[in-house]
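The structure appears below as structure tokens.
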């Protein structure tokens with residue numbers, strides 16, 4: 018951490034040389050104040066990955082994710098009405114996911130009152146009332162047996178004007194709210210890059226349980242000159258339907274009716290819709306074209322386990338199409354009772 | 383929580399003395415006692431065993447002898463009667479066995495200014511398990527009904543069952559209350575093995591056990607053999623988190639335990 022190193026040098030010089038001490042302190046202060054400030058209220062811009070971040074992905078849309086077979090199986094059996102269970106209703110998103118939804122957040126700094134050294138950068142994420150502390154004082158991460166939280170435990174360091182944050186101890190949740198899971202072994206690296214009133218946020222998530230390669234995501238936020246008042250997220254869990262305690266909504270093998278919807282609606286080969294690391298690289302376009310033109314057998318789409326279903330009108334052979342609807346997700350989410358989280 | 387000496391050990395300290403929940407595998411008892419003494423110099427009054435397995439109870443004798451009840455005896459060891467009986471069957475010496483046993487579904491006593499609630503985990507990991515809740519501290523010591531390291535260990539030979547595991551996990555969910563910050567913190571749960579957890583962690587684990595059980599039950603209904611069930615990999619989405627191909631509790635053993643139970647209750 019640049020600031021700490023500078024101030025540490027200052028303390029060493031102070032032992033024997035008063036003049037050097039003054040010089041070192043000046044250098045340390047200069048170093049600290051040279052760092053760009055991230056302080057302010059920031060609101061999301063959703064031109065990037067809009068469908069994924071605002072209305073929400075279609076069920077069966079696993080595109081763009083370097084997931085493994087375990088994640089596919091989890092997502093195939095995922096019934097959105099599971100979030101209507103009492104203990105799930107008020108769960109927020111985890112740190113690798115929360116910036117992907119509609120979000121405004123506030124950043125401020127905590128400084129040592131005596132030295133004015135930056136101890137931590139703090140965040141309050143208004144959409145789900147989550148707090149983050151990004152420690153910059155060089156402290157270690159907690160031991161393995163420490164609790165995990167939605168936001169995890171974060172430490173940061175400056176690389177020039179880029180704040181890089183490492184987060185561990187994150188709870189299990191989702192990379193994509195249509196059922197793509199993230200495990201509690203997930204770790205996250207973030208980069209905060211400010212350009213005037215814009216803040217670029219890059220996330221690199223690693224999950225040895227559900228990802229075969231790191232998942233890289235990016236978002237843009239804009240500084241709010243007039244912060245709005247939407248900073249609270251009241252959530253009161255309540256069971257509004259009678260159900261046994263043992264009931265955990267999920268689909269057995271072959272019973273999920275929604276797995277083909279996305280691929281059929283957009284005319285995308287099923288194999289392509291089911292994600293995987295290889296499908297996230299530009300070279301995959303060749304494979305995709307081959308699939309669309311009925312190419313080699315190995316590239317031909319396979320059918321995921323699921324009941325046969327009448328094809329939805331094919332809106333075109335390319336990856337583009339009309340705006341997708343959220344109706345299916347909402348319909349599924351409310352099948353077993355209303356969930357406050359399924360928006 | 384004291385870790386690294388077998389199963390997790392929980393310690394409650396106060397003016398009344400010390401309660402120790404589980405005593406570890408007996409190989410590092412000196413270190414366990416040193417850790418307890420770093421928390422309190424008061425007498426160890428009570429020991430509670432959540433399970434009778436050696437990794438939970440092998441330190442009973444040594445830690446009990448260091449402690450003292452108000453009557454001047456070694457610290458009393460509490461457990462369900464089934465646990466004590468199983469330990470006797472296994473040849474555990476009297477000094478290492480619980481003699482302050484209970485038969486009913488629950489037991490409680492006040493200590494250090496809070497109710498200590500002990501619930502029988504009937505037919506979960508075994509038929510002798512207990513779950514301990516420190517009601518004011520808002521901490522549940524779950525025993526092996528909840529683990530963050532592996533699939534639940536179902537010791538069917540000693541009365542364990544997946545139905546009992548689910549029942550115990552549901553009880554944790556009933557007892558645990560999250561803090562006001564959106565389903566996090568609040569009641570803390572110490573698993574038999576693994577990291578400190580809260581309600582959100584337990585509900586994920588409960589969901590996993592229910593889903594895997596229902597998948598296997600469905601396969602049993604379809605007439606599939608154990609080999610066919612294993613080949614269908616009903617745990618694939620959780621194996622990289624909880625599964626194991628070797629060691630004392632493998633994925634294959636977990637699937638077999640549920641298969642046998644579903645077959646028996648079909």
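Chains as they are written, first to last, in my numbering: chain Y, 18 to 360; chain A, 383 to 648.
Ideal Cβ placement from N, Cα and C applies to all residues, glycine included.
Chain A contact residues for residue i, given Cβ-Cβ distances below 8 Å
i: residue 263(Y); result: 548, 552 and 592
i: residue 225(Y); result: 622
i: residue 108(Y); result: 564, 565 and 582
Between the CA atoms of residue j and residue i - distance to the nearest angstrom
i: residue 615(A); j: residue 53(Y); result: 52 Å
i: residue 266(Y); j: residue 98(Y); result: 6 Å
i: residue 47(Y); j: residue 115(Y); result: Note that residue 47(Y) scores 35 on pLDDT, short of 50, meaning its location in the model is unreliable and no value can be drawn from it.
i: residue 503(A); j: residue 311(Y); result: 57 Å
i: residue 389(A); j: residue 489(A); result: 22 Å
i: residue 419(A); j: residue 231(Y); result: 45 Å
i: residue 85(Y); j: residue 173(Y); result: 30 Å
i: residue 444(A); j: residue 217(Y); result: 59 Å
i: residue 598(A); j: residue 591(A); result: 11 Å
i: residue 161(Y); j: residue 385(A); result: 11 Å
i: residue 335(Y); j: residue 66(Y); result: Any reading at residue 335(Y) must be qualified, since the residue scores a pLDDT of 32, below 50, and its modelled position is unreliable; the value itself is stated next. Their Cα atoms are separated by approximately 17 Å.
i: residue 207(Y); j: residue 612(A); result: 40 Å
i: residue 233(Y); j: residue 219(Y); result: 7 Å
i: residue 536(A); j: residue 542(A); result: 5 Å
i: residue 399(A); j: residue 561(A); result: 29 Å
i: residue 505(A); j: residue 544(A); result: 8 Å
i: residue 631(A); j: residue 534(A); result: 9 Å
i: residue 467(A); j: residue 122(Y); result: 58 Å
i: residue 455(A); j: residue 483(A); result: 16 Å
i: residue 339(Y); j: residue 282(Y); result: Confidence at residue 339(Y) is low in this model, with a pLDDT of 32, below 50, so the placement of that residue should be treated as unreliable; the coordinate-derived value is given next. For residue 339(Y) and residue 282(Y), the distance between alpha carbons rounds to 10 Å.
Residues that residue i contacts on chain A, provided the C-beta gap is smaller than 7 Å
i: residue 166(Y); result: 566
i: residue 200(Y); result: 623
i: residue 91(Y); result: 619
i: residue 189(Y); result: 586
Residue i and residue j closer than 8 Å at C-beta
i: residue 193(Y); j: residue 74(Y); result: yes
i: residue 448(A); j: residue 430(A); result: no
i: residue 368(Y); j: residue 109(Y); result: The shown model of chain Y, from 18 to 360, leaves out residue 368(Y), and the question about it has no answer.
i: residue 465(A); j: residue 480(A); result: yes
i: residue 167(Y); j: residue 139(Y); result: no
i: residue 509(A); j: residue 540(A); result: yes
i: residue 284(Y); j: residue 82(Y); result: no
i: residue 273(Y); j: residue 94(Y); result: yes
i: residue 387(A); j: residue 410(A); result: yes
i: residue 532(A); j: residue 626(A); result: yes
i: residue 142(Y); j: residue 169(Y); result: no
i: residue 164(Y); j: residue 580(A); result: yes
i: residue 453(A); j: residue 405(A); result: no
i: residue 270(Y); j: residue 76(Y); result: no
i: residue 190(Y); j: residue 111(Y); result: yes
i: residue 428(A); j: residue 401(A); result: yes
i: residue 88(Y); j: residue 227(Y); result: yes
i: residue 280(Y); j: residue 229(Y); result: no
Whole-number beta carbon distance between residue j and residue i, since they are thought to touch under 8 Å
i: residue 585(A); j: residue 236(Y); result: The Cβ separation is near 29 Å, so there is no contact.
i: residue 56(Y); j: residue 124(Y); result: 5 Å
i: residue 547(A); j: residue 527(A); result: 6 Å
i: residue 182(Y); j: residue 200(Y); result: 20 Å between Cβ atoms; not a contact.
i: residue 96(Y); j: residue 268(Y); result: 6 Å
i: residue 496(A); j: residue 517(A); result: 6 Å
i: residue 288(Y); j: residue 308(Y); result: 7 Å
i: residue 197(Y); j: residue 92(Y); result: 5 Å
i: residue 513(A); j: residue 525(A); result: 6 Å
i: residue 538(A); j: residue 416(A); result: Their Cβ separation, rounded to whole angstroms, is 37 Å, which puts residue 538(A) and residue 416(A) out of contact at 8 Å.
Contact set between residue i and chain Y, taken where Cβ atoms lie within less than 8 Å
i: residue 728(A); result: Because chain A here runs from 383 to 648, residue 728(A) falls outside it and cannot be looked at.
i: residue 585(A); result: 102, 104 and 105
i: residue 732(A); result: Past the boundaries of the shown model lies residue 732(A); chain A is included only from 383 to 648, so the question cannot be answered.
i: residue 385(A); result: 162
Proximal residues of chain Y, C-beta to C-beta of residue i below 7 Å
i: residue 410(A); result: By Cβ distance, chain Y contributes nothing, its closest Cβ being about 16 Å from residue 410(A), past 7 Å.
i: residue 581(A); result: 104
i: residue 600(A); result: 269
Under 9 Å by beta carbon: chain A residues contacting residue i
i: residue 182(Y); result: Residues of chain A passing the Cβ test: none, with the nearest at roughly 20 Å.
i: residue 87(Y); result: 618, 619, 620, 621, 622 and 623
Contacts of residue i in chain Y (Cβ-Cβ under 9 Å)
i: residue 555(A); result: 103, 104 and 262
i: residue 597(A); result: 94, 267, 269 and 270
i: residue 490(A); result: Correct list: empty, because the minimum Cβ distance to chain Y is about 23 Å.
i: residue 570(A); result: 164
Cβ-heavy atom distance, residue i to the ligand SAM, below 7 Å
i: residue 497(A); result: With respect to the ligand SAM, the structure offers nothing, as it holds no ligand at all.
Query raised in the report: At a cut of 8 Å, does the stretch 572-589 of chain A reach the stretch 519-529 of chain A through at least three beta carbon pairs?
Result: Contact between the stretch 572-589 of chain A and the stretch 519-529 of chain A is present, with at least three C-beta pairs closer than 8 Å.
Requested in this report: Inspect the CB distances between the stretch 431-441 of chain A and the stretch 592-607 of chain A and report whether three or more fall short of 8 Å.
Outcome: Counting Cβ pairs under 8 Å, fewer than three are found: no touch.
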